[in-house]
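Same order as they appear, the protein sequences are chains C and S. Position 118 (the first sequence) corresponds to 117 in numbering that gives the first Met the number 0; numbering is contiguous. Position 199 (the second sequence) corresponds to 198 in numbering that gives the first Met the number 0; numbering is contiguous.
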Amino acid sequence: MIVSIDYESDTPLYTQLYDEIVRGIASGRLESGENLPSVRSLAGDLGINLHTVNKTYQLLKQEGFVHIHRQKGAVVQPAGSLPVTDAFRTRMERQLESLASEALCRSMREEEFLERCRSAYRSIRPQARDTHEGGRER
Amino acid sequence: MNMSLYGFGLTMGAVYVLVLAVAAFQPSLAPRNILFGISIPKSAVDDDAVRKLRRSYTGQVIGYGLAFGILVAAGILWKTGGTMPADDTQWLATLPVGALLALFGISGGLFVAFHQKAERLKRESGWQEERRTAASLSLRKERLHYPLYAFAPHLLVILISAGAAWLLYDKIPDSIITHYNARGIPDRIQDKSYGTVFEMNLVQLFMLAIFIFVNYTTGAARMKIDPADPERSEEQQRRYRKGMSLLMLLLGLGMVIFMGFLQAFMLYGGSRMNGVLIGAAGIAPLVMSAAAVVSMMKLGKGRMEASRPGEDAKWKAGAFYWDRSDSAIFVEKRTGIGFTLNWGHPVSWVILAIILGFALAPLYLNP
Numbered sequence: 000m001i002v003s004i005d006y007e008s009d010t011p012l013y014t015q016l017y018d019e020i021v022r023g024i025a026s027g028r029l030e031s032g033e034n035l036p037s038v039r040s041l042a043g044d045l046g047i048n049l050h051t052v053n054k055t056y057q058l059l060k061q062e063g064f065v066h067i068h069r070q071k072g073a074v075v076q077p078a079g080s081l082p083v084t085d086a087f088r089t090r091m092e093r094q095l096e097s098l099a100s101e102a103l104c105r106s107m108r109e110e111e112f113l114e115r116c117r118s119a120y121r122s123i124r125p126q127a128r129d130t131h132e133g134g135r136e137r
Numbered sequence: 000m001n002m003s004l005y006g007f008g009l010t011m012g013a014v015y016v017l018v019l020a021v022a023a024f025q026p027s028l029a030p031r032n033i034l035f036g037i038s039i040p041k042s043a044v045d046d047d048a049v050r051k052l053r054r055s056y057t058g059q060v061i062g063y064g065l066a067f068g069i070l071v072a073a074g075i076l077w078k079t080g081g082t083m084p085a086d087d088t089q090w091l092a093t094l095p096v097g098a099l100l101a102l103f104g105i106s107g108g109l110f111v112a113f114h115q116k117a118e119r120l121k122r123e124s125g126w127q128e129e130r131r132t133a134a135s136l137s138l139r140k141e142r143l144h145y146p147l148y149a150f151a152p153h154l155l156v157i158l159i160s161a162g163a164a165w166l167l168y169d170k171i172p173d174s175i176i177t178h179y180n181a182r183g184i185p186d187r188i189q190d191k192s193y194g195t196v197f198e199m200n201l202v203q204l205f206m207l208a209i210f211i212f213v214n215y216t217t218g219a220a221r222m223k224i225d226p227a228d229p230e231r232s233e234e235q236q237r238r239y240r241k242g243m244s245l246l247m248l249l250l251g252l253g254m255v256i257f258m259g260f261l262q263a264f265m266l267y268g269g270s271r272m273n274g275v276l277i278g279a280a281g282i283a284p285l286v287m288s289a290a291a292v293v294s295m296m297k298l299g300k301g302r303m304e305a306s307r308p309g310e311d312a313k314w315k316a317g318a319f320y321w322d323r324s325d326s327a328i329f330v331e332k333r334t335g336i337g338f339t340l341n342w343g344h345p346v347s348w349v350i351l352a353i354i355l356g357f358a359l360a361p362l363y364l365n366p
């Protein structure tokens, strides 16, 4: 599993890395029980500061995506095991509102906005469409 | 020209030519998208301007290097009149070292000059640097270098060498020839003691430690992945690191065995130690290093570096990596094959101090 980050992006590096790892877990490329590289080696491989990777790992742990094991380090938790919390709903609404506002300002139609949301959701794990989403559509 | 000066000149000349060849063909030892320490786009690696710069560097190193070498050889012939001087040959022994240092100076100076030319070429061509960087979360779980126990045969050779010396201790003559001068005549004879008998085994252990350390760095060095082509990049890392590790394993074994033989001849060879044998002893490490260079060239052929945004500025003079915010200690070389240290990391200086300490300790302990 490859993670890639953009040095010149406005998004902070630790957020980019967080998003990449969460995407890996959601897509199944990072399996449950798999352990992430040590903070030191990942920071070295990406050429970024130790504290940046540490911040990402702490955030992942806080959100329940990984479990910090004494010997094995950061271990990935099963993708379906996390509940949808109010905190997540709040954050999601905030981000969706920003996107919706900009879409409105640019006169993007509601259908296109929703279609893009749906295809983004499905693109993460293509097989998810076949299992539960596909049936509902028909 | 008498035979001993001829042999001396041939050995020194071979070392000089080997170093000269490595310096001249530096551009082909570096990753293909690195031009004298400057990263260039993958689409530009075969551009005429790039090829011209590489060819011009090789030509100049060979030209200046050969001219200087011939000058030194002519100087020696003129000074000695073609025969090996009988008395004090100190200057003759230190001259090759001086010539090699001068050669490093010549090729280093040319490298810096071409580094600046490459920098200018990149600016004028408007070549942009990569914005993204990538890393693999799974590659480090694979075994990319040989584990510590792969060095067990090396330790066995050392134990056999030391064990033989221990068992045959009574048969070893009371004085041991520990050094031959350039003419093949013993010029340092030491009394038999545990120190002189087992000295070579300590050297073996030191060499083994160095090879184990280098093998460790092939696994520990940072792994950059090209975000544009991660699969190819991962495959290159696998091939390169496994190959380097195997090379360290074999070269280490060769060196340890060679030193074991050297010890055996020194201790049990007696008067049978003749010129041919001494010559062979001098040539063996040379042959091994040449073989190592050739295998490294094959191993590193066609590889590309996954350059990071702004990385050029962190390679001082194109050859020394300095980045305080990079937590990696070992990094892949830009100028050649193998790994180097991030000098912006304090631990690198500790490592340098330890290696220098070990290398220089005998000078102080054994004046």
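We put the beta carbon where it would ideally sit given N, CA and C, even for glycine. All values reported here derive from a predicted model rather than from experimental measurement.
- Between Ile159/S and Met265/S, the CB-CB gap reaches or exceeds 8 angstroms.
- Residue range Asp47 to Thr79 is occupied by the alpha helix (DSSP H) that includes Gly58/S.
- Take the alpha-carbon of Pro185/S and the one of Lys191/S: they are about 16 angstroms apart.
- Among the residues of chain S, those whose CB is under 7 angstroms from the CB of Pro36/C are Leu136 and Arg139, following chain order.
- Nearest Cα to Lys121/S within the set Phe150/S, Ala48/S, Arg142/S and Ala66/S: Ala48/S.
- Val74/C: member of the beta strand (DSSP E) spanning Gly72 to Val75, first to last residue.
- Within the DSSP secondary-structure output, Lys315/S pairs in a beta bridge with Phe319/S.
- Between the alpha carbons of Gly64/S and Gly108/S lies a distance of about 12 angstroms.
- Its Cα nearest to that of Gln15/C, the residue Leu45/C stands out among Leu45/C, Ser31/C and Thr89/C.
- With its beta carbon less than 8 angstroms from one in chain S, Leu49/C belongs to the interface.
- By the neighbour-count criterion, in which 16 or more other beta carbons inside 10 Å mark a residue as buried, His153/S falls on the buried side.
- A direct Cα-Cα distance of roughly 52 angstroms separates Asp225/S from Ala163/S.
- The beta carbons of Arg54/S and Val44/S sit no closer together than 8 angstroms.
- When Cβ-Cβ separations below 8 angstroms define contact, Ile24/C makes no contact with chain S.
- With a cut-off of 8 angstroms on Cβ pairs, the segment 100-110 of chain C is not in contact with the segment 71-82 of chain C, counting fewer than three such pairs.
- Annotation: Met11/S to Met287/S spans about 16 angstroms, alpha carbon to alpha carbon.
- With contacts defined by Cβ atoms closer than 8 angstroms, Leu19/S and Ile69/S do not form a contacting pair.
- Annotated three-state conformation of Asp44/C is helix, per DSSP.
- DSSP, reduced to helix, strand and coil, places Asn341/S within a strand of the structure shown.
- Nearest to Ala305/S by C-alpha distance, out of Tyr320/S, Ile105/S, Arg131/S and Trp348/S, is Arg131/S.
- Using a Cβ distance threshold of 8 angstroms, Ser294/S and Leu355/S do not count as a contacting pair.
- Cβ atoms of Asp322/S and Gly343/S come within 8 angstroms of each other, at about 5 angstroms.
- For Phe319/S, same chain residues with a beta-carbon under 7 angstroms away, outside a window of 5 residues either side, are Trp342 in chain order.
- Sixteen is the threshold: when 16 or more other Cβ atoms of the shown chains lie within 10 Å of the Cβ of Ser326/S, as they do, the residue is buried.
- Going by DSSP, Arg131/S is part of the beta strand (DSSP E) stretching over Arg131 to Ser135.
- Within the DSSP bridge table, the entry for Arg333/S names no partner.
- Measuring C-alpha to C-alpha distances from Val38/C to each of Arg117/C, Gly27/C, Thr55/C and Cys104/C identifies Thr55/C as the nearest.
- With a contact defined as Cβ atoms closer than 8 angstroms, Met199/S and Val255/S miss out at about 10 angstroms.
- With 16 or more other CB atoms across the displayed protein chains lying within 10 angstroms of its CB, Phe64/C is buried.
- At a beta-carbon threshold of 9 angstroms, none of the residues of chain S lie near Ala73/C; the nearest stands roughly 10 angstroms away.
- In this structure, Met222/S and Lys41/S do not form a Cβ contact; the two beta carbons are roughly 19 angstroms apart against a cut-off of 8 angstroms.
- For Gln189/S, the enclosing beta strand (DSSP E) has its first and last residue at Pro185 to Asp190.
- With distances taken between CA atoms, Leu99/S lies nearest to Val14/S out of Lys332/S, Asp173/S, Val14/S and Phe260/S.
- Annotation: the continuous beta strand (DSSP E) that includes His66/C extends over Val65 to His68.
- At a cut-off of 8 angstroms, the C-beta of Leu12/C has no neighbouring C-beta in chain S.
- Listed along chain S are Arg139, each with a C-beta nearer than 7 angstroms to that of Ser40/C.
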